[in-house]
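Report on one structure; see the data block that follows.
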Amino acid sequence: MLDYTILEYGDTFCPAAWVSEGNTVNYHKIYYCLSGSAVYQDSSGVHSLSPGRIYIFPQSRPYQVTHSREGLFHVLWFHADTRLPLVSEFYGQSIVPGDLAQSLLSSLTLAVSKRPEILGALLPVLMKTLNLPGDGIPLHRRTLLLCADYIHGHIHEHITNEDLAQVSGYQKRYLIEIFKEQTGMTPRQYVIHTKFNYARKFLLQGKSVRECAHLIGYSNESDFGRDFKALFAVTPGQFRRQSGLP
1 MLDYTILEYG
11 DTFCPAAWVS
21 EGNTVNYHKI
31 YYCLSGSAVY
41 QDSSGVHSLS
51 PGRIYIFPQS
61 RPYQVTHSRE
71 GLFHVLWFHA
81 DTRLPLVSEF
91 YGQSIVPGDL
101 AQSLLSSLTL
111 AVSKRPEILG
121 ALLPVLMKTL
131 NLPGDGIPLH
141 RRTLLLCADY
151 IHGHIHEHIT
161 NEDLAQVSGY
171 QKRYLIEIFK
181 EQTGMTPRQY
191 VIHTKFNYAR
201 KFLLQGKSVR
211 ECAHLIGYSN
221 ESDFGRDFKA
231 LFAVTPGQFR
241 RQSGLP
């Protein structure tokens, strides 16, 4: 079973003016629509989000989600770092009333408000009940897992391509090709995105910007703030104020 790190989560009624935009990221957004509707758009096309269906957004692809303005858009949502991609394309599946997936989603809804500490155990079980396409599993699974485990375990350090090549046992040039083919990112981009996924989580835990910078290996708070804004289009303080929306 894949290792899941839940970065953010919520059970949210989105306001009428709500828009969600994402640049290239290495985590999945998982939406279970409860009422209302929204529209997802990326380079592959336009998709409607409707009640009673669960959706997984692909990694490493800029996207935009907009409220359809037809009633409140109520969504149970998770931003999950799975280390390996769950899907390579936009994915949606209907949830059948009374089946195991719906029971797990009910449990996840309760956990969001009552027991968030068990979300990381419940979400992988839910994913295993879905009919995910096989092309979401990378060919070089072991290689990427070795590198991902190393990155997560050394998040406070400076990590180079040479470090990852040594961990994987591949030459640096070939490792870069594997990362670009399977994740859409170079190893360096993957490291940066993983570090800042942690930074987002630390900010929401109430840590100061200086603490967050130090925890992901930055010695300079202003450099951390500059790179955070370049990646997420908001400052760390703005991100904290805007949290709570999918």
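Counting from 1, one number per residue, gives the positions in the sequence shown under full-length UniProt numbering.
Even for Gly, the Cβ is constructed at its ideal location relative to N, Cα and C.
All values reported here derive from a predicted model rather than from experimental measurement.
Discussion item. In whole angstroms, give me the CA-to-CA distance for Trp77 and Ser222.
Written reply: 31 Å
Item to complete: Report the rounded CA-to-CA distance for Arg61 versus Asp99, giving the unit in angstroms.
Response: 32 Å
Fill in: For Glu211, the first and last residue of its enclosing alpha helix (DSSP H)
209–215
Worksheet entry | Coil, strand or helix - Gln198 by DSSP | What sits at residue 198 in the sequence shown is Tyr, not Gln. Tyr198 falls in the helix class under three-state DSSP.
Discussion item. With H, G and I counted as helix, E and B as strand and the rest as coil, what does DSSP make of Ala148?
Written reply: helix
Worksheet entry | Beta-carbon contacts of Thr143 that lie in its chain and below 7 Å, excluding the five residues immediately before and after | Ser168, Tyr170, Ile178
Discussion item. In the DSSP output, which residue or residues are listed as bridge partners for Ser48?
Written reply: Val39
Worksheet item: Counting only runs that start and end within the region 54–125, where is the beta strand (DSSP E) found for 3 or more residues in a row?
Response: For the region 54–125, whole beta strand (DSSP E) runs of length 3 or above, ordered along the chain, are 63–67, 73–81, 91–94.
Worksheet item: Between the region 198–208 and the region 7–18, do at least 3 Cβ pairs fall closer than 8 Å?
Response: yes
Worksheet item: Span of the alpha helix (DSSP H) holding Thr183?
Response: First-last of the alpha helix (DSSP H) with Thr183: 172–183.
Worksheet item: Would you call the region 175–190 and the region 218–236 touching, i.e. three or more CB-CB distances under 8 Å?
Response: no
Fill in: Strand pairing of Phe13, partner residues [DSSP]
His74
Discussion item. Out of Gly120, Val39, Ile159, Leu175, which one is the CA nearest neighbour of Ala80?
Written reply: Minimum Cα distance to Ala80 is reached at Gly120.
Worksheet item: Expressed to the nearest angstrom, what Euclidean distance is found between the alpha-carbon atoms of Leu122 and Gly52?
Response: 19 Å
Fill in: Secondary structure of Val234, DSSP reduced to three states
Here Val234 sits in coil by DSSP.
Discussion item. By the DSSP assignment, the beta strand (DSSP E) with residue 282 in it spans what residues?
Written reply: Lying before the first or after the last residue shown, residue 282 is absent from the chain, which here runs from 1 to 246.
Worksheet item: Tell me which same chain residues have a C-beta within less than 6 Å of the C-beta of Lys229, skipping the five on either side of it?
Response: Thr235
Fill in: Thr194 to Asp149 span [Cα, whole Å]
11 Å
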